[in-house]
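Working notes, structure below.
Number of protein chains: 2
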Amino acid sequence: MNMENRPSDPLKSPVPTLMAVARMAGVSPITVSRVVRRPDIVSSATRLRVEDAIRKLGYVPNMVAGSLASARTKSVGVLVPTIANSIFADTVQGLSDVLEPLGFSVILAQSGYDDRREDRMLAALLSRRPEAIIMVGAPVTAEGTEMLRRAGIPVVETWELPEVPVDAAVGFDNHDAGRVVGRHFAKAGRRRLVFVGGGDRRATQRWHGFVEAARQAGLAEPRRVLIEWQSGAGAGAAVLTSTPDTDAVFAANDAYAIGLLSALRRANRLDPDPAAVPQVAVVGLGDLEMGRLFSPTVSTIRIDGAAIGRAAAELALDPAKPRRVDLGFALILRESG
Amino acid sequence: MNMENRPSDPLKSPVPTLMAVARMAGVSPITVSRVVRRPDIVSSATRLRVEDAIRKLGYVPNMVAGSLASARTKSVGVLVPTIANSIFADTVQGLSDVLEPLGFSVILAQSGYDDRREDRMLAALLSRRPEAIIMVGAPVTAEGTEMLRRAGIPVVETWELPEVPVDAAVGFDNHDAGRVVGRHFAKAGRRRLVFVGGGDRRATQRWHGFVEAARQAGLAEPRRVLIEWQSGAGAGAAVLTSTPDTDAVFAANDAYAIGLLSALRRANRLDPDPAAVPQVAVVGLGDLEMGRLFSPTVSTIRIDGAAIGRAAAELALDPAKPRRVDLGFALILRESG
DNA sequence: TGGATAAATGATAGCGCTATCATTTGCGGG
DNA sequence: CCCGCAAATGATAGCGCTATCATTTATCCA
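Chains as they are written, first to last, in the numbering used here: chain A, 1 to 337; chain S, 1 to 337.
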């Protein structure tokens, strides 16, 4: 239908190069380059002439060529398990907010919690020669770790604090988060503890901390409901059917916690008064805004995902910064437990 | 602390080039290039030798150089208002799912609903010579449109269906969505309608449709509560304070709808029985999972963000595909209205 | 007014690959 | 046993920029 609006024919109007601008302005190519990158060192007369030519031709610098010549890509590779999870989306937002004003682009890749895919994505990212890599978690495989090490660029692991990161890490102690929740449940007199979450390393660390706290409090071994990639509703159903007798649940993220609370309501196991002591205590992780809006309001381990992203960007850009930053977490107790 | 784990010293072990691999394997550079890109046309003997050298050196192809030489970057530029909004995160997820298996990388940029920033980000994206641009919405400024047109690459606008897209568009009719909700409210006997949302074009189209339906039903002009960048809770508070007498609200997204319902609950204007006819009917847009878990369950205009992303990726890669795809929407009535 | 210094501009080479064509090698049939 | 063709490999050039040095032009004071 709209022929006249299709992208312009590449033969009719080839994308102009720096050379074309130079010819039009009657200067050498390098001068055009300078006008684009360091306008301050060009006399205003020629600068105006060049800027005019740039405008007339609609010149957009070719950063691919520029990157090759200068060995600077002004890009950062970002690897997340999935972006369709507001918890990581906040982190990507946070790091973008730091990187974009500095002229860095974000190359985004998703591993889908899949080890092979993670390695493939890391290789794909590295082939674009980013100036740094920021990822959620530490590389899962030895090959991935080795690739990153060889790349010779800053690598920031987030949402986790490995003893020995490849290069740098910013996040919190997942094990400790689990322990804090377990201890809280024990103090509140809860007896039959359950953990719902994925099987990735961060979730597993939380699980271990949770178990440790239960053990120290003399409670029976908590149970673990493993779910992969499931929705909040799926998590809720899974807990209710596989561990119906529980009285306290630590959910690996707030979406699961809300799903569980919703399932409890449907099963009529939620007190009509949200302020009452709940039959089943539920604590999530992440502190989604939704958790504050839900009824009962959701207790949670608060993590500032955006702050993690911002800090990660700063570590990525400045190798002089401390290489291990613990941003901590906070147990926020609300109505749900 | 962990000196030995810092990225390897660039002087000690320079990142190996294709040339280095060629020398090690005793072949010409172009043969290495072929082993990487078209292993089928290399004899298995030399291929094995080259692959061995690649492994030994830990060679990762430099796609920046490759892109410059081949004029193919295998990348797609993606521009969203913000990624920290699950509605768009789903779209990014969807398009990534199509693009990544094909070897394309996603370069992500955020406009923050800011016109100037949108143009800056478009320029930044185009300077990396992506093979296509996928964006939420149509370019806001004439300059942005012109840049995109000149780039001579596929451009897919999403979440919106302009009459005359720069190149292609996939989404739904926002105006119609507003009309459907307005009509629904009118039929349900609601009289004082309110719209909450941002001031961007898509929200405005919904608003216009909403007004049109109200007018046709003989209702008083709906009121519009403009909020920029606010949280769900902020949206809820804004509606309650500025239009306390409303009996039906169309929220521009489910997060706002949930925020409003939560505020209504706090103001004691929510019937304890979620199945009862609500004092204030609320309809959102997007169909977040949270909306199904909330009590009352949230009525909404269902949009499949991931499907939009997938379709956009397909249009971006295949210029032969139809250039205007209406994925539609559905009014899902639940407890909230 | 000359000469030293700074400011402005340019010439040259090369970043690490791939497109394109040229050459060599392998191989079956006349 | 050599020709012709396909398969395999290589030589050359260049993608569009920027780093680096060289050169020219303006500037200022002795």
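Backbone N, C-alpha and C define an ideal beta-carbon position, used for all residues, glycine too.
For residue i, three-class secondary structure by DSSP
{"i": "Ile-107(S)", "result": "strand"}
{"i": "Ala-214(A)", "result": "helix"}
{"i": "Arg-324(A)", "result": "strand"}
{"i": "Ile-83(S)", "result": "coil"}
{"i": "Ser-75(A)", "result": "strand"}
{"i": "Ala-132(S)", "result": "strand"}
{"i": "Phe-294(S)", "result": "coil"}
{"i": "Ala-267(S)", "result": "coil"}
{"i": "Glu-118(S)", "result": "helix"}
{"i": "Glu-163(S)", "result": "coil"}
{"i": "Tyr-256(A)", "result": "helix"}
{"i": "Trp-207(A)", "result": "helix"}
{"i": "Arg-38(S)", "result": "coil"}
{"i": "Gly-137(A)", "result": "coil"}
{"i": "Asn-62(A)", "result": "coil"}
Check whether residue i and residue j have beta carbons under 8 angstroms apart
{"i": "Leu-260(A)", "j": "Val-282(A)", "result": "yes"}
{"i": "Ala-151(S)", "j": "Glu-289(A)", "result": "no"}
{"i": "Pro-417(S)", "j": "Val-36(S)", "result": "As displayed, chain S neither begins before 1 nor continues past 337, which places residue 417(S) out of reach and without an answer."}
{"i": "Val-27(A)", "j": "Tyr-59(A)", "result": "no"}
{"i": "Thr-204(S)", "j": "Ala-257(S)", "result": "no"}
{"i": "Pro-81(S)", "j": "Ser-111(S)", "result": "yes"}
{"i": "Arg-190(S)", "j": "Asp-247(S)", "result": "yes"}
{"i": "Leu-95(A)", "j": "Gly-328(A)", "result": "no"}
{"i": "Ala-311(S)", "j": "Val-166(S)", "result": "no"}
Interface flag, residue i vs chain S, CB-CB below 8 angstroms
{"i": "Leu-126(A)", "result": "yes"}
{"i": "Ile-332(A)", "result": "no"}
{"i": "Gln-279(A)", "result": "no"}
{"i": "Ala-213(A)", "result": "no"}
{"i": "Pro-7(A)", "result": "Residue placement at Pro-7(A) is poorly supported in this model, since its pLDDT is 45, which falls under 50; the coordinates still yield a value, given next. So, interface residue."}
{"i": "Thr-73(A)", "result": "yes"}
{"i": "Thr-158(A)", "result": "no"}
{"i": "Arg-34(A)", "result": "no"}
{"i": "Glu-100(A)", "result": "yes"}
{"i": "Val-92(A)", "result": "yes"}
{"i": "Ile-107(A)", "result": "yes"}
{"i": "Thr-82(A)", "result": "yes"}
Strand pairing of residue i, partner residues [DSSP]
{"i": "Thr-300(S)", "result": "Gly-284(S), Ile-332(S)"}
{"i": "Phe-195(S)", "result": "Arg-224(S), Phe-250(S)"}
{"i": "Ala-169(A)", "result": "Glu-157(A), Arg-324(A)"}
Short CB-CB distance (under 8 angstroms) between residue i and chain A
{"i": "Met-63(S)", "result": "yes"}
{"i": "Asn-2(S)", "result": "Per-residue confidence for Asn-2(S) stands at a pLDDT of 40, beneath the threshold of 50, marking its modelled position as unreliable; no derived number is given."}
{"i": "Met-19(S)", "result": "no"}
{"i": "Asp-52(S)", "result": "no"}
{"i": "Leu-79(S)", "result": "no"}
{"i": "Ala-238(S)", "result": "no"}
{"i": "Glu-221(S)", "result": "no"}
{"i": "Glu-289(S)", "result": "yes"}
{"i": "Glu-228(S)", "result": "no"}
{"i": "Pro-10(S)", "result": "Bear in mind that a pLDDT of 41 at Pro-10(S), under 50, signals an unreliable position, so the model cannot answer this."}
{"i": "Leu-285(S)", "result": "no"}
{"i": "Arg-361(S)", "result": "For chain S, the structure presents residues 1 to 337; residue 361(S) sits outside this window and is missing."}
{"i": "Ser-231(S)", "result": "yes"}
{"i": "Arg-265(S)", "result": "yes"}
{"i": "Ser-242(S)", "result": "no"}
Identity of the residue in the options nearest residue i by Cα
{"i": "Ile-332(S)", "options": "Val-36(S), Pro-274(S), Met-135(S), Gly-291(S)", "result": "Gly-291(S)"}
{"i": "Ala-306(A)", "options": "Arg-128(A), Ser-127(A), Asp-90(A)", "result": "Asp-90(A)"}
{"i": "Glu-100(A)", "options": "His-208(S), Val-98(S), Leu-79(S)", "result": "Leu-79(S)"}
{"i": "Ser-295(A)", "options": "Arg-265(S), Gln-110(S), Glu-228(S)", "result": "Arg-265(S)"}
{"i": "Met-63(A)", "options": "Asp-115(S), Thr-141(S), Leu-125(S)", "result": "Leu-125(S)"}
{"i": "Val-15(S)", "options": "Leu-327(S), Leu-57(S), Arg-49(S)", "result": "Leu-57(S)"}
{"i": "Ser-242(S)", "options": "Glu-163(S), Thr-46(S), Ile-227(S), Asp-167(S)", "result": "Ile-227(S)"}
{"i": "Ala-177(A)", "options": "Ala-313(A), Ala-255(A), Asp-167(A), Glu-212(A)", "result": "Glu-212(A)"}
{"i": "Pro-274(S)", "options": "Arg-23(S), Gly-337(S), Glu-118(S)", "result": "Gly-337(S)"}
{"i": "Val-106(A)", "options": "Val-98(S), Ser-75(S), Phe-88(S)", "result": "Ser-75(S)"}
{"i": "Pro-154(S)", "options": "Ala-313(S), Ala-330(S), Met-24(S), Gly-199(S)", "result": "Ala-313(S)"}
{"i": "Ile-303(S)", "options": "Leu-315(S), Pro-272(S), Thr-297(S), Asp-254(S)", "result": "Asp-254(S)"}
{"i": "Thr-73(A)", "options": "Val-136(S), Leu-122(S), Ala-65(S), Thr-46(S)", "result": "Ala-65(S)"}
{"i": "Glu-160(A)", "options": "Val-140(A), Asp-245(A), Met-147(A), Leu-108(A)", "result": "Val-140(A)"}
{"i": "Ala-252(S)", "options": "Thr-297(S), Arg-269(S), Ala-237(S), Gly-199(S)", "result": "Gly-199(S)"}
{"i": "Val-181(S)", "options": "Ala-142(S), Arg-129(S), Val-249(S)", "result": "Val-249(S)"}
Check: residue i C-beta below 7 angstroms from any heavy atom of the ligand SAM
{"i": "Val-32(S)", "result": "Judged by which ligands are present, the structure shown has none, so any question about the ligand SAM falls away."}
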